[in-house]
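Only one structure is covered here, and it is reproduced in the block below.
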Amino acid sequence: MLRWLKQNLLGSWRDVVLTLLGIYIVVNIVVPVVRWVLTEANWAVVTTNMRLLMVGQYPIEQVWRIWACVLLLALLIGLSWGLWISKSIGDTGGRSRLVGIILLLVPPLFALFPNGIESLPMLLSVSVLGLIGYLAATVLTTQQSLLKRLTTLGWIVYIPICYVLIRGLGDLLPVVSSNLWGGLLLTLLLTAVGIVLSFPLGVLLALGRRSQLPVIKWFCIAYIEVIRGVPLITVLFMAQLVLPLFLPQSIEIDRVVRAMAGITLFSAAYLAENVRGGLQNIPRGQYEAAEALGLNAVQKMTLIILPQALRIIVPILVGQFISLFKDTSLVTIVSLLDLLGIANTVLAQPNFIGTQREVYFFIGVIYWLISYTISALGKRLELRQQMSAI
Amino acid sequence: MHEINTNSTNTPPIISCRDVHKWYGEFHALRGVNLDVKKGEVVVIMGPSGSGKSTFIRTINRLEVHQRGDIVVDGIELTHDVRNIEKIRSEVGMVFQSFNLFPHLTVMENITLAPVWVRKWKKEKAEEVATELLQRVHIPEQAQKYPGQLSGGQQQRVAIARALAMQPKVMLFDEPTSALDPEMIKEVLEAMSDLAESGMTMICVTHEMGFARNVAHRVGFFDQGNIVEIGPPDQIFRNPEQARTKQFLAQILH
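Chains as they are written, first to last, in this note's numbering: chain A, 742 to 1131; chain B, 77 to 330.
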């Protein structure tokens, strides 16, 4: 122990300086923050408004639909964890197990908040379903390929299913107007839809930019360069304010859909440039080999070139998706009540004047938790691919 | 060297190139190349670097576009018609200097990809054929590995198997051993010799003298964008007629 201390903290004069600096930071910053979180902060503002922060004004009697989405997500994550992540080659010891256990503990931890946010049984069943998925994936060793296919299918249909569940469907499920969506729910929806839609659009734009046909090529270049030259806020304003001018009065697109369109169109332009970077890294020989085998242009792209190009840019894509997630907070400006927007309305409540620290600290932690999860999953993906393509 | 069917003189050649020209901008890379290849024939093409020999065999499956002249492969003329090009490409296998295996796919997937997607075979059938081909190039145990895990010689043999999986009528080899360490050249040449023995029509750009002497029916000497001299290996190596051929052979034989 002492030797470890000496080697790692006091090895040279530089280490000594860094150690002292570290101690200074811990004493002066970390300690006060922890003390504030544990003793001084008035968390009642968060706990009383938990439902608002999570789902906005989504009607209480319909909240079970959101729970259904969360439970399905827990199951899918559990399955994927068991099928892929915990088995990936190069998993250093129990690291993925540790992260898994922490993830399992998060939902019950939420139940520790006093004065009744979500019910404990619901939160527990999130963990339980995640665990069931994981166990199913590890125990049913004979059905691995079937499970893998089902899980992949599950991920593909997950977001459409959630969208239908949350929005409602004709007579079966009463429609919940998107004006009532809010909080973390809205943030996640904007992010998920943004990622899922901008991905194919971005790939098409990247391919279009390399097209031999001048019209397509110049259209794609113009699109990409215009969007990249404009801040996201402008695009969001355009989507909210300018778009209705072009459409006939009878067509009313709701504001959330307009924001989703804005985010998607914006993200697609950046994605296209990243994909283009990946495409440029594929050697000519790969194109020639694919052509020499008689593959047609579409097969060449989808089977040979794109899979390699996308693999190369996984780290960049993960980064882009994280910033997309955080950038959704800009929809506050066009008065949608996402996590940040709803936090601002909570702060306007007369009972909770002066609780900015608590509220912003809380939503900061949520943003961090989700960003970190995306980034950790991305690391796994990178590792797996390095293994398969040494 | 096996005998090719000499009666075939009156049947049309499987590859026929007439007056093939290609320009890269100002540079006249191919200057009216003529070459007929009979079914089952093995033709080796040699020549100094930059002479256009690689460009020439790449025009045969349209990896390079020729601007003048006719190329007919197995009765199909190469034109700008995309369907013709894809048709010819599925009949002509190609092996590259730098292997060009698909690094994101296993050896088995590399070989079965084109049969499944282009020939529309069932996956089981394609895998059966692939296993057979891997045995033929002596690496059946590598089927589930990725190309990056194989040696250069093994990769090139996988590339040969990948091209053969399409059951092509003609095989083109573009300097298949130039990127290999000396100890791996032999295993690739053996695979090529076996293939020639089985009656495959082959055009090989290579400087492997031993291979040319023992396997080729004809050796062509390529210089400055054209075939300067072509004939049986004995004649080309012992009594070349052209001064340029003599000079080149003297250089590569030391």
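Don't be surprised by glycine CBs; every beta carbon is placed ideally from N, CA and C.
Everything numeric in this text was worked out from a predicted model, so none of it was measured.
{"Check": "Same chain, Cβ closer than 6 Å to T928/A, neighbours up to 5 away in sequence not counted", "Outcome": "T1069, D1079, L1080"}
{"Check": "Proximal chain A residues relative to W197/B, where beta-carbon distance stays under 7 Å", "Outcome": "None at all; the shortest Cβ gap to chain A is about 13 Å."}
{"Check": "Minimum Cβ-Cβ distance from S84/B to chain A less than 8 Å", "Outcome": "Any reading at S84/B must be qualified, since the residue scores a pLDDT of 48, below 50, and its modelled position is unreliable; the value itself is stated next. Answer no: the Cβ-Cβ gap between S84/B and chain A never drops below 8 Å."}
{"Check": "Neighbour flag for I1045/A against chain B, beta carbons, 8 Å", "Outcome": "yes"}
{"Check": "DSSP three-state assignment for V1146/A, whether helix, strand or coil", "Outcome": "The shown model of chain A, from 742 to 1131, leaves out residue 1146/A, and the question about it has no answer."}
{"Check": "Collapsed DSSP secondary structure at F103/B in the structure displayed", "Outcome": "strand"}
{"Check": "Sequence-distant residues of the same chain with beta carbon closer than 8 Å to I1115/A, five excluded per side", "Outcome": "V1059, F1062, I1063, F1066"}
{"Check": "Proximal residues to V757/A (C-beta, below 6 Å), its chain only, five neighbours per side dropped", "Outcome": "L751"}
{"Check": "For D257/B, the three-state DSSP class (helix, strand or coil)", "Outcome": "coil"}
{"Check": "Given 8 Å, three or more beta-carbon pairs between the segment 870-890 of chain A and the segment 765-781 of chain A", "Outcome": "no"}
{"Check": "C-alpha distance - L986/A paired with G1035/A, whole-angstrom precision", "Outcome": "49 Å"}
{"Check": "Span of the beta strand (DSSP E) around N302/B", "Outcome": "302-307"}
{"Check": "Beta-bridge partners of S1070/A, as assigned by DSSP", "Outcome": "DSSP lists no partner for S1070/A."}
{"Check": "Residues of its chain near I312/B, where Cβ-Cβ distance is below 6 Å and the 5 sequence neighbours each way are ignored", "Outcome": "V295"}
{"Check": "DSSP three-state assignment for L177/B, whether helix, strand or coil", "Outcome": "coil"}
{"Check": "One or two residues paired with R969/A in a DSSP bridge", "Outcome": "Answer is none; R969/A lacks a bridge partner."}
{"Check": "Sequence-distant residues of the same chain with beta carbon closer than 6 Å to I1131/A, five excluded per side", "Outcome": "With a pLDDT of only 44 at I1131/A, under 50, the local geometry of the prediction cannot be trusted, and no value is derived from it."}
{"Check": "Sub-8 Å separation of I133/B and V149/B beta-carbons", "Outcome": "no"}
{"Check": "Amino acids of chain A, ordered along the chain, whose beta-carbon sits closer than 9 Å to that of F178/B", "Outcome": "Q1027, A1030, A1031, L1044, I1045, P1048, Q1049"}
{"Check": "CB of I968/A within 8 Å of CB of A1010/A, strictly", "Outcome": "yes"}
{"Check": "Residue-chain proximity (S125/B, chain A), Cβ-Cβ < 8 Å", "Outcome": "no"}
{"Check": "Nearest neighbour of L865/A, chosen from L876/A, A1013/A, F851/A, G874/A [CA to CA]", "Outcome": "F851/A"}
{"Check": "Coil, strand or helix - I279/B by DSSP", "Outcome": "strand"}
{"Check": "Other residues of its chain near S84/B: CB distance less than 7 Å, five sequence neighbours each side excluded", "Outcome": "Residue placement at S84/B is poorly supported in this model, since its pLDDT is 48, which falls under 50; the coordinates are not used for a value here."}
{"Check": "Of the listed residues E273/B, A272/B, S227/B, nearest to I261/B (C-alpha basis)", "Outcome": "S227/B"}
{"Check": "Alpha-carbon to alpha-carbon, D250/B and V291/B", "Outcome": "16 Å"}
{"Check": "Buried/exposed call for E208/B, threshold 16 Cβ in 10 Å", "Outcome": "exposed"}
{"Check": "Spatial distance of G1003/A from D995/A (CA atoms)", "Outcome": "13 Å"}
{"Check": "In chain order, each alpha helix (DSSP H) run of at least 4 residues that lies wholly inside the segment 96-150 of chain B", "Outcome": "129-136"}
{"Check": "Neighbour-count burial assignment, G1105/A, 16 or more Cβ in a 10 Å radius", "Outcome": "exposed"}
{"Check": "Cβ of M242/B within 8 Å of any chain A Cβ", "Outcome": "yes"}
{"Check": "DSSP three-state assignment for R195/B, whether helix, strand or coil", "Outcome": "coil"}
{"Check": "Sequence-distant residues of the same chain with beta carbon closer than 8 Å to Q981/A, five excluded per side", "Outcome": "R996, R999, A1000, G1003, V1075"}
{"Check": "Beta-carbon proximity of G169/B to P244/B, cut-off 8 Å", "Outcome": "yes"}
{"Check": "Residue-level contact to chain A via CB, V194/B, 8 Å cutoff", "Outcome": "yes"}
{"Check": "Within chain A, the residues that M170/B reaches when beta carbons sit closer than 7 Å", "Outcome": "A1033"}
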